[in-house]
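Asker:
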Amino acid sequence: MSEDQDPIVVQEADAIYESVRTICHHSETQPAPTVYRVLGNLKGATGDMLAQALNQLADGLERSLTEYDVYEDDGADPALNVAAAAGHMRLAAHLAAELGGHLSEAQNAIAQQGYRAAGHDGV
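Residue numbers (our numbering): 1 to 123.
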């Protein structure tokens, strides 16, 4: 399957990866109001929404066992690895929700901050 034929979920996961990568390249010095907005967006994307996406992916992976002819290259029972992967995704979903809570707390901690450009004398 070529990149333009990838399922939408793969395309969107690729876009998320690129967005986070861009944040990493442009976050060296940022004032609180900017970080506050970034945290809000990350909280929205990683908290409940990421948890929901991971749980739905786990459910879909489990359903794939009855809707497709799923096999393992080595002949093993694919249900075992699907169960393991789904379990890890559900744990990651729980941790994503926890991550969202920490991002919210970080956002709250800087909610009242402002800034002046360096060298500004307040006049």
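Heads up, the beta-carbon is just placed ideally off N, CA and C, and yes, glycines get one too.
Less than 7 Å between C-beta atoms, sequence neighbours within five positions excluded: which residues of the same chain meet that for residue 65?
Answerer: Cβ within range, chain order: 78, 79, 82.
Asker: Whose C-beta lies closer than 7 Å to the C-beta of residue 110 among residues of the same chain, with five residues either side of it excluded?
Answerer: Taken in chain order, the residues that qualify are 32, 35, 36.
Asker: According to DSSP, is residue 110 helix, strand or coil?
Answerer: Reduced to three states, the DSSP call for residue 110 is coil.
Asker: Return the chain-ordered list of same chain residues with a C-beta closer than 7 Å to the C-beta of residue 48, the five sequence neighbours on each side being excluded.
Answerer: Taken in chain order, the residues that qualify are 97, 100.
Asker: By DSSP, does residue 45 sit in helix, in strand, or in coil?
Answerer: Residue 45: helix per DSSP, three-state reduction.
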